[in-house]
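**Q** With our numbering, you'll find the sequence shown wraps up at 527, consecutive numbering, no jumps.
Got a structure for you, written out below as structure tokens; questions coming shortly.
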Amino acid sequence: MSETKHAEGDLEMKAPRPVRYEDGWELYRKMGSPKFVAAPMVNQSELPFRLLNRKYKTELCYTPMLHAGLFSRDLNYRHDNFETCKEDRPLVAQFCANDPDTLLSAARHLEGQVDAIDLNFGCPQGIAKRGNYGAFLLSKPQIMKALVTKLHQNLSTPVTCKVRQLNTIDEQETLDMVQMLQDAGCHILTIHGRTKEMLKDKVGPCNFDIIKKVKAHLKIPVFANGGIETLEDVWNTIKYTGVDGVMVSEALLSNPALFAGPGAGPQSFYTGALGPYVDPVVLIREYLAYCKQYPRTVDSSMIRGHIFKILFRSLSAYNGLREELGNMYDPSNIEPLLAKIKERDEALSKEELEAQYAVIPTWYRRHQTHKHSTPKEEKEEVLQEVCPDGFANLFGSFEDGVVLEDTCEPCEAVEEEPANQREFKLHKKEKKKQRAAMKKERARASQAEKQAASAMSESSGESSSP
Ligand SMILES: Cc1cc2nc3c(=O)[nH]c(=O)nc-3n(C[C@H](O)[C@H](O)[C@H](O)COP(=O)(O)O)c2cc1C
Numbered sequence: 062m063s064e065t066k067h068a069e070g071d072l073e074m075k076a077p078r079p080v081r082y083e084d085g086w087e088l089y090r091k092m093g094s095p096k097f098v099a100a101p102m103v104n105q106s107e108l109p110f111r112l113l114n115r116k117y118k119t120e121l122c123y124t125p126m127l128h129a130g131l132f133s134r135d136l137n138y139r140h141d142n143f144e145t146c147k148e149d150r151p152l153v154a155q156f157c158a159n160d161p162d163t164l165l166s167a168a169r170h171l172e173g174q175v176d177a178i179d180l181n182f183g184c185p186q187g188i189a190k191r192g193n194y195g196a197f198l199l200s201k202p203q204i205m206k207a208l209v210t211k212l213h214q215n216l217s218t219p220v221t222c223k224v225r226q227l228n229t230i231d232e233q234e235t236l237d238m239v240q241m242l243q244d245a246g247c248h249i250l251t252i253h254g255r256t257k258e259m260l261k262d263k264v265g266p267c268n269f270d271i272i273k274k275v276k277a278h279l280k281i282p283v284f285a286n287g288g289i290e291t292l293e294d295v296w297n298t299i300k301y302t303g304v305d306g307v308m309v310s311e312a313l314l315s316n317p318a319l320f321a322g323p324g325a326g327p328q329s330f331y332t333g334a335l336g337p338y339v340d341p342v343v344l345i346r347e348y349l350a351y352c353k354q355y356p357r358t359v360d361s362s363m364i365r366g367h368i369f370k371i372l373f374r375s376l377s378a379y380n381g382l383r384e385e386l387g388n389m390y391d392p393s394n395i396e397p398l399l400a401k402i403k404e405r406d407e408a409l410s411k412e413e414l415e416a417q418y419a420v421i422p423t424w425y426r427r428h429q430t431h432k433h434s435t436p437k438e439e440k441e442e443v444l445q446e447v448c449p450d451g452f453a454n455l456f457g458s459f460e461d462g463v464v465l466e467d468t469c470e471p472c473e474a475v476e477e478e479p480a481n482q483r484e485f486k487l488h489k490k491e492k493k494k495q496r497a498a499m500k501k502e503r504a505r506a507s508q509a510e511k512q513a514a515s516a517m518s519e520s521s522g523e524s525s526s527p
């Protein structure tokens, strides 16, 4: 039972808030019944990138995972890691936590600013193991239940959860776990069809059958996550599993216009079925304009990470450009690099260009090629097994043998998410520097404004009026 303190000081026991599955549907409808969902991504789903996604038909966005402990007690952390605006809705804020009171105190800061608070039960990284959160809570159902119950009973903003499949042998365990979350008050559940052991070189294919079973088992809305590359994959996933929405991460980083489909904006010679659906140069310029408008939660490594993924094919085609981006002090000053790409492209004939880009996959595909460098026949077997209905673009038609070494630092740093302690300190240091520079800039601007105002009033004679 939750407690309410009266003015006189005595405690009144409130009846627990009932769990009504219908509330999940009410939330889903209130958010516009979103089918196209952008995933929470540490260092990558910040406000400017969310706005870019929304421009190209993403219907619901998640913030990057926020650390409940830091968020609840550190004003600077909140300032540096959460920003939203009128156009940034519907929005779900994601937390990692293992203590219900800390989680509640963190979530209270966002009450009314977001449509739901999501709990991360999916992060499989070492940092989550050390911090005892994410997918490492999947084996501690009592903690998961306590976290969801705490928010459901005490917060006016609804609670949602993102989980992974528990194990590949006993599917019932996964079904019991999601049922427990639903009964504790989870309004919408996202299921990633991979186990926590399936990461890095063991990532493997996503299991759409467990997603289908979870959807059939639960009474609340369900989102599918994992292994979606194209708009066709999105619709095939909905058709095969029956889910209410599809959450995409890596493919959106590579192709922020994914949900809008091919032809959603100006094309370049390598936009098409797999490439960014819109000219990557246009996407980058739009993203940078949003960064200029909302710079608070953005830093240069994030910007570099996005540019790297969107522009991956050109950066791979021409020597020296990756390094140039990696070494760029201010990656928002990207125009000279874009001009170099244009110049080198224009030095080739149309046929040469097509031949060049035909063998360079997108960032998403490079990643998959790297992870699934199996013979073609094997891939087709996997395809058959995982997607009996035929998910044409999930694992088929790789350029066999094309495995690009991904040595780019910004990208590596992102893939090691979430930040380890050292990275976190560096990040804090950089933010501190940025804040100091911003303060200096504000002081300079206000001084200049004052000088201009006084010059104006002098010239209009106002200074001599009584
Ligand atoms: C750069 C990056 C950052 C991520 N950060 C988070 C996060 O903050 N919270 C979370 O639950 N999952 C996070 N993930 C996992 C994704 O949300 C998603 O579950 C996973 O990538 C599988 O989906 P995909 O196949 O569409 O990429 C992250 C993934 C990437 C690539």
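No residue lacks a Cβ here, since even glycine has one placed at the ideal position from N, Cα and C.
These numbers were taken from a predicted model, which means no experiment stands behind them.
Quick check on I289: does DSSP put it in helix, strand or coil?
**A** coil
**Q** Taking DSSP as the reference, what is the three-state secondary structure of Q233?
**A** helix
**Q** Does the stretch 93–100 come within contact of the stretch 115–133, defined as at least 3 CB pairs closer than 8 Å?
**A** Short answer: they touch.
**Q** Based on Cα-Cα distance, which residue from A285, I289, L314 and R357 lies nearest to G303?
**A** A285
**Q** Rounded to a whole number of angstroms, what is the C-alpha to C-alpha distance between I345 and S166?
**A** Whole-angstrom Cα-Cα distance: 37 Å.
**Q** Grouping DSSP H, G and I as helix and E and B as strand, with all else coil, what is A99?
**A** strand
**Q** What distance in whole Å lies between the Cβ atoms of P109 and V359, which are believed to be in contact at a cut-off of 8 Å?
**A** 6 Å
**Q** DSSP on F369, reduced to helix/strand/coil?
**A** helix
**Q** Does the beta-carbon of H248 have 16 or more other beta-carbons within 10 angstroms, so that it is buried, or is it exposed?
**A** buried
**Q** Cβ-heavy atom distance between M102 and ligand 1 below 6 Å?
**A** yes
**Q** Give a single yes or no on whether Q174 has its beta carbon closer than 6 Å to a heavy atom of ligand 1.
**A** no
**Q** Compute the Euclidean distance between the alpha carbons of R134 and H170, then round it to the nearest angstrom.
**A** 10 Å
**Q** How should G173 be labelled, buried or exposed, when 16 other C-beta atoms within 10 angstroms of its C-beta is the threshold for buried?
**A** exposed
**Q** Could you tell me if the beta carbon of E144 falls within a distance shorter than 6 Å of some heavy atom in ligand 1?
**A** no
**Q** Classify N316: buried if its beta carbon has 16 or more other beta carbons within 10 angstroms, exposed otherwise.
**A** buried
**Q** Do the stretch 248–260 and the stretch 275–282 make contact, defined as three or more Cβ pairs closer than 8 Å?
**A** yes
**Q** For R90, count the other beta carbons within 10 Å of its own beta carbon; 16 or more makes it buried, fewer makes it exposed. Which is it?
**A** exposed
**Q** Answer yes if the stretch 240–247 comes into contact with the stretch 204–215, meaning at least three C-beta pairs across the two stretches below 8 Å, and no otherwise.
**A** yes
**Q** Below 8 Å, can you find three or more Cβ-Cβ pairs linking the stretch 361–378 to the stretch 126–133?
**A** no
**Q** Since G192 and G183 should fall inside the 8 Å C-beta cutoff, what is the C-beta to C-beta distance between them, to a whole number of angstroms?
**A** The Cβ separation is near 14 Å, so there is no contact.
**Q** When DSSP builds the beta bridges, which residues end up paired with M156?
**A** The sequence shown places Phe at residue 156, rather than the Met named in the question. Answer by DSSP bridge pairing, in chain order: L127 and L180.
**Q** By Cβ distance below 8 Å, which residues in the same chain neighbour P79 in space, the five residues on each side in sequence not counted?
**A** none
**Q** For T423, name the three-state secondary structure that DSSP assigns.
**A** coil
**Q** Quickly, what does DSSP pair K223 with across the bridge? List them, please.
**A** The partner list for K223 (beta bridge, DSSP) reads N181 and T251.
**Q** Determine the direct distance from the alpha carbon of S410 to that of N137, and round the result to whole angstroms.
**A** 52 Å
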